Amino acid sequence: MLWLGIAWFRMPLLKSSAGFGSVTSSQALVEIRDVNFSYGSRAILKGINMTLPKGKVIAVMGGSGCGKTTLFRLIGGALKPSKGYVKVDGQVIHELDHKGLYEIRRKMGVLFQFGALFTDMSVYDNVAFQMREHTDLPEEIIHDLVMMKLHAVGLRGTQNLMPVELSGGMARRVALARTIALDPMLILYDEPFAGLDPISLSVVGDLIRRLNDALGATSVIVTHDVPESLKIVDYIYFISEGVIVAEGTPDEIRNSEIPYVHQFINGEKDGPVPFHYPGGDYKRDLGVSA
Amino acid sequence: MPIQRSLKAIGSRTINAVWRMGYASRFLVLTLIYSGLSFRRFRLTVKEMFFSGVMSIIIIMVAGMFVGMVLGLQGYETLKRYGSESALGTLVALSLVRELGPVLAALLFASRAGSAMTAGIGLMKATEQISAMEMMAVNPIARLIAPRFWAGVFSMPLLASIFSVMGVFGGYVVGVVVIGVDEGSFWSQMQDAVDFQHDIMNGLIKSFVFGVAVTVIALFEGFDAPPTAEGVAGATTRTVVQSSLAILLLDFILTAFMFRGA
Amino acid sequence: MERSTYDLWVGAFVVAGIGALMVLALKVGNLSTYNMSETYQLQVYFTNIGGLKPTASVRSAGVLVGRVATITLDPERYEAKVTLTLDSRYKFPSDTIAKIQTSGLLGENFIGLMPGAEDKMLDNGELLKQTQSAMILEDLIGQFIYGKPDSTK
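Residue numbers (the numbering used here), protein chains in the order written: chain X, 5 to 294; chain S, 307 to 568; chain E, 3 to 155.
Okay, structure coming up:
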């Protein structure tokens with residue numbers, strides 16, 4: 005009995021040490037510190053701070069044009085922040101030279117919006133692409149690896165089809181297989197649920213979670229889809245007008261009192277994000293004198 | 307003032323054009339630097355040669371044939387007046403080998419293969435395939451652009467030669483077979499007048515230069531196209547127009563150098 | 003390495019292209035009938051070269067034996083100094099006459115070599131002493147109209 009009691013007592017301790025407040029930088033795969041970015045004079049991101057630990061699935065949500073895609077580009081090294089830094093696996097991304105950048109990109113997988121499969125190659129060649137470009141593996145082994153990746157997403161029979169012959173959901177899943185072809189440690193998903201039917205949506209969400217856990221990787225999802233994300237992610241960041249307005253676990257977000265979060269989660273028509281685009285006086289536009 | 311506005315517009319467009327030329331030159335240099343892959347994995351270049359070279363053969367052969375036939379007809383018309391019909395072979399062969407072969411083959415190549423390259427690359431950019439490749443740590447210039455560049459450069463002289471041969475054949479058919487110019491003098495005067503080094507080699511050099519120009523323009527426009535439907539459409543048009551102008555300009559410059567006459 | 007159909011077609015294309023080039027070189031051009039591999043040079047002076055240009059042909063008995071390499075004005079003699087590049091297969095005696103001729107009535111100028119009877123042959127770099135300059139059309143017409151005696155040498 006005493007032994008059971010000790011075990012029961014220690015379990016909450018273990019759980020809380022996995023809480024995000026006490027994550028040390030050695031456990032974080034991605035560190036984003038005080039990142040600012042502007043397109044010319046327009047500030048897109050102002051002072052963003054994020055810590056993405058290993059093995060977790062994190063969602064980044066926000067309205068259109070709030071800077072989510074820019075954040076992805078900064079993590080991937082396609083853009084340089086004007087202030088602050090982004091560290092992936094301990095290395096500052098924008099200080100890497102050409103070679104170093106390509107090295108670190110080989111450990112990242114990116115799923116672009118709508119898949120971005122190479123349309124001039126078959127499904128098999130798409131998934132095998134990274135293996136052929138970056139490894140010297142013989143074709144027999146590549147064949148087996150491609151089969152395994154396709155099997156993981158449930159599309160093993162489609163290997164000889166061309167991307168144009170696939171439905172949206174299937175193309176998305178093939179792109180997912182291609183993304184995890186070299187077992188990346190960081191996977192970025194740009195709107196993975198956009199335009200999918202409910203079944204495919206659920207399948208993709210499930211795959212994101214399971215693949216992340218199987219690979220021990222970190223996944224970051226940029227999305228608008230609230231119900232699906234709340235189901236699968238461990239942590240959520242809310243970005244509005246270039247700053248993080250809220251963050252927390254799905255439960256914390258669901259019960260959040262912050263007006264913007266509340267409006268977003270519940271899909272309210274009017275709130276901090278107004279319905280009307282700022283325009284002049286309605287009566288004046290109609291030409292009616294007051 | 308409207309004059310001021312149009313001057314400003316011309317000025318900014320000129321500056322934009324110059325800026326793009328600089329960007330395009332840097333693009334060419336990058337393509338050459340990253341060309342190693344095109345030769346180590348020659349299969350990539352071969353595949354692109356199929357799409358730009360082999361697929362253009364039919365139009366090149368047909369066009370060459372017709373041009374040769376027209377040369378035969380027109381040439382005969384004019385030469386008859388000076389009693390020099392026997393020089394028809396010379397006229398047809400020299401016109402083709404020195405000028406019409408390289409230039410027309412290049413123009414046709416630009417319209418067919420050049421625009422196809424631009425549209426292909428532009429579309430890949432619009433559907434984020436190029437970004438995907440970059441994020442997968444594969445250099446798109448080495449993997450996509452350079453093989454297409456070398457395919458165009460290798461295909462162009464071959465196509466120009468095929469054009470010239472078909473043209474001479476067309477001139478022969480019209481001149482000797484149809485009109486009745488003496489077959490012997492057709493060929494013998496031609497062989498006497500066409501010098502391998504002076505005419506044929508110069509023609510080859512021209513088509514090589516045209517190949518470089520057309521392919522670079524086509525690939526650059528595709529790579530630089532705005533990632534929208536209108537963007538790609540505009541880029542394709544620009545490729546054909548700019549390639550054509552470049553070909554004619556380079557033709558003038560090269561002809562002035564090569565066929566100066568003391 | 004597996005084969006693909008692309009290789010076949012591209013191979014055929016390259017063969018066709020090179021074949022066309024061969025046809026041009028041999029049938030259309032004069033590569034097979036004329037190949038100057040070994041050459042030597044001779045110098046000639048003319049009082050008037052007329053329309054002679056570099057790369058003009060040098061013929062003997064109508065057969066192509068070489069090409070005009072360079073044409074310059076000799077600053078001491080004020081005559082045109084022409085360098086000929088000749089095929090080594092053909093040697094000419096030292097009293098050969100070099101004459102500027104016209105191809106056809108209005109054609110381009112070329113150099114005709116009329117061999118003499120001497121036994122000694124000209125070597126690389128030597129001078130052809132006997133020359134006949136170009137016939138200038140205007141002078142001929144002038145003679146014809148005004149009946150002046152032949153003043154060209």
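Don't be surprised by glycine CBs; every beta carbon is placed ideally from N, CA and C.
Everything numeric in this text was worked out from a predicted model, so none of it was measured.
* Mind checking X/Phe-122: buried by the 16 CB within 10 Å criterion, or exposed? -> Its Cβ being crowded by 16 or more others within 10 Å, X/Phe-122 is buried.
* **Members of the stretch 360-392 of chain S that neighbour chain E once the beta carbon cut-off is set at 7 Å** => From the stretch 360-392 of chain S, only Val-360 and Ile-363 have a Cβ closer than 7 Å to chain E.
* **Amino acids of chain S, ordered along the chain, whose beta-carbon sits closer than 7 Å to that of E/Thr-57** => Neighbours of E/Thr-57 in chain S, taken as residues whose beta carbon is under 7 Å from its own, are His-504 in chain order.
* Using a beta-carbon distance below 7 Å, is E/Val-12 in contact with chain S? -> For E/Val-12, the answer is yes, since a Cβ of chain S falls inside 7 Å of its Cβ.
* CB contact check: X/Ala-120 to chain S, cutoff 7 Å -> By this cut-off, X/Ala-120 is an interface position.
* Given 8 Å, three or more beta-carbon pairs between the stretch 113-122 of chain X and the stretch 60-72 of chain X -> The stretch 113-122 of chain X is not in contact with the stretch 60-72 of chain X.
* To do: Determine the direct distance from the alpha carbon of X/Ile-52 to that of X/Val-277, and round the result to whole angstroms.
  => X/Val-277 and X/Ile-52 have their C-alpha atoms roughly 20 Å apart.
* **Cutoff 7 Å: S/Leu-464 Cβ touching any chain E Cβ** => The beta carbon of S/Leu-464 falls within 7 Å of a beta carbon belonging to chain E, placing the residue at that interface.
* To do: Count the CB pairs spanning the stretch 455-469 of chain S and the stretch 536-554 of chain S that are closer than 8 Å, and state whether there are at least three.
  => Result no; under three Cβ-Cβ pairs closer than 8 Å.
* As assigned by DSSP and simplified to three states, the class of X/Glu-99 -> Of the three classes helix, strand and coil, the one that applies to X/Glu-99 here is helix, per DSSP.
* To do: Reducing DSSP to helix, strand and coil, say where S/Asn-572 ends up.
  => In the structure as shown, chain S starts at 307 and stops at 568, and residue 572 of chain S therefore has no counterpart that could be examined.
* Asked: For chain S, is any of its Cβ atoms less than 7 Å away from the one on E/Ala-71?
  -> With 7 Å as the cut-off, E/Ala-71 does not count as an interface residue toward chain S.
* To do: Assuming X/Gly-113 and X/Thr-183 form a contact by the criterion Cβ under 8 Å, report the distance between their Cβ atoms to the nearest whole angstrom.
  => That pair is a contact at about 4 Å.
* Asked: Is the CB of E/Phe-15 under 7 Å away from at least one CB in chain S?
  -> Interface residue, yes.
* To do: Return the Cβ separation of E/Tyr-47 and E/Thr-133 in integer angstroms, given the expectation that the two are a contact with Cβ distance under 8 Å.
  => Rounded, the Cβ-Cβ distance is 6 Å, consistent with contact.
* To do: Tell me, please, which residues DSSP counts as bridged to X/Lys-91.
  => Under the DSSP definition of a beta bridge, X/Lys-91 partners with X/Glu-35 and X/Val-96.
* Keeping to the same chain, check which residues put their C-beta closer than 7 Å to that of S/Ser-401; ignore five residues upstream and five downstream. => Correct list, in chain order: Leu-377.
* To do: Give me the Cα-Cα distance between X/Leu-211 and X/Leu-219, rounded to the nearest whole angstrom.
  => Each residue's Cα considered, the two are about 12 Å apart.
* To do: Below 7 Å CB to CB, which residues in the same chain sit around X/His-244 once its five sequence neighbours on both sides are set aside?
  => According to the sequence provided, residue 244 of chain X is Ser. The question's His does not apply to it. Apart from the 5 residues on each side of it in sequence, X/Ser-244 sits with its Cβ closer than 7 Å to the Cβ of Gly-66, Gly-67, Cys-70 and Tyr-264 in its chain, given in chain order.
* Please go through the same chain and pick out, in chain order, the residues whose beta-carbon is closer than 7 Å to the beta-carbon of S/Leu-334, but skip the five residues on each side of it. => Excluding sequence neighbours, S/Leu-334 sits near Val-522.
* Asked: Looking at the structure shown, is E/Arg-91 part of a helix, part of a strand, or coil, going by DSSP?
  -> When secondary structure is reduced to three states using DSSP, E/Arg-91 falls in the coil class, being assigned neither helix nor strand.
* Asked: Between X/Pro-85 and the rest of its own chain, which residues show a CB-CB distance below 8 Å, the 5 nearest in sequence each way excluded?
  -> If we look at X/Pro-85 and ignore the five residues flanking it on each side, its Cβ neighbours are Val-39, Asn-40, Phe-41, Leu-49, Leu-78 and His-98.
* Asked: X/Phe-41 bridges to which residues according to DSSP?
  -> For X/Phe-41, which the question treats as bridged, DSSP gives the partners X/Leu-49.
* **Ranges of the beta strand (DSSP E) found wholly within the stretch 177-246 of chain X, counting only runs of at least 3** => Counting only runs of 3 or more residues that sit fully inside the stretch 177-246 of chain X, the beta strand (DSSP E) segments are 190-194, 222-227 and 239-244, in chain order.
* Asked: DSSP puts X/Val-64 in a beta bridge; with which residues?
  -> According to DSSP, X/Val-64 bridges with X/Val-226 and X/Tyr-241.
* chain E within 7 Å of S/Met-355, Cβ atoms only -> Cβ-Cβ to chain E under 7 Å: yes for S/Met-355.
* To do: Taking only beta-carbon positions, decide if E/Ala-27 is within less than 7 Å of chain S.
  => It does: the Cβ of E/Ala-27 has a partner Cβ on chain S nearer than 7 Å.
* To do: Evaluate contact between the stretch 407-424 of chain S and the stretch 360-379 of chain S, counting only Cβ atoms and requiring at least three cross-stretch pairs below 8 Å.
  => As far as the Cβ criterion goes, the stretch 407-424 of chain S touches the stretch 360-379 of chain S, which means the pair count is three or higher.
* Of all Cβ atoms in chain S, is any one closer than 7 Å to the Cβ of X/Arg-176? -> So no, X/Arg-176 is outside the interface.
* Measure the Cβ-Cβ separation of X/Ser-206 and X/Gly-173 and say whether it is below 7 Å. => Not closer than 7 Å, so no.
* Buried versus exposed call for S/Glu-527 [16 or more other C-beta atoms within 10 Å across all chains shown] -> With 16 or more other Cβ atoms within 10 Å, it is buried.
* To do: Name, please, each residue of chain S whose Cβ falls closer than 7 Å to the Cβ of E/Leu-88.
  => Neighbours of E/Leu-88 on chain S: none; closest Cβ ~16 Å, over 7 Å.
* **Short-range partners of chain E found in the stretch 466-477 of chain S, where Cβ spacing is below 7 Å** => Taking 7 Å as the upper bound on Cβ-Cβ separation, chain E lies near residues Ser-467, Ile-468, Ser-470, Val-471 and Val-474 of the stretch 466-477 of chain S.
* To do: Starting from E/Thr-104, follow the beta strand (DSSP E) in both directions and report where the run begins and ends.
  => Segment 99-104, the beta strand (DSSP E) holding E/Thr-104.
* At 4 residues or longer, and completely inside the stretch 526-566 of chain S: list those alpha helix (DSSP H) runs for me, N to C. => Correct list: 535-564.
* **Beta bridge counterpart(s) of E/Tyr-42 as assigned by DSSP** => E/Leu-88, per the DSSP bridge assignment.
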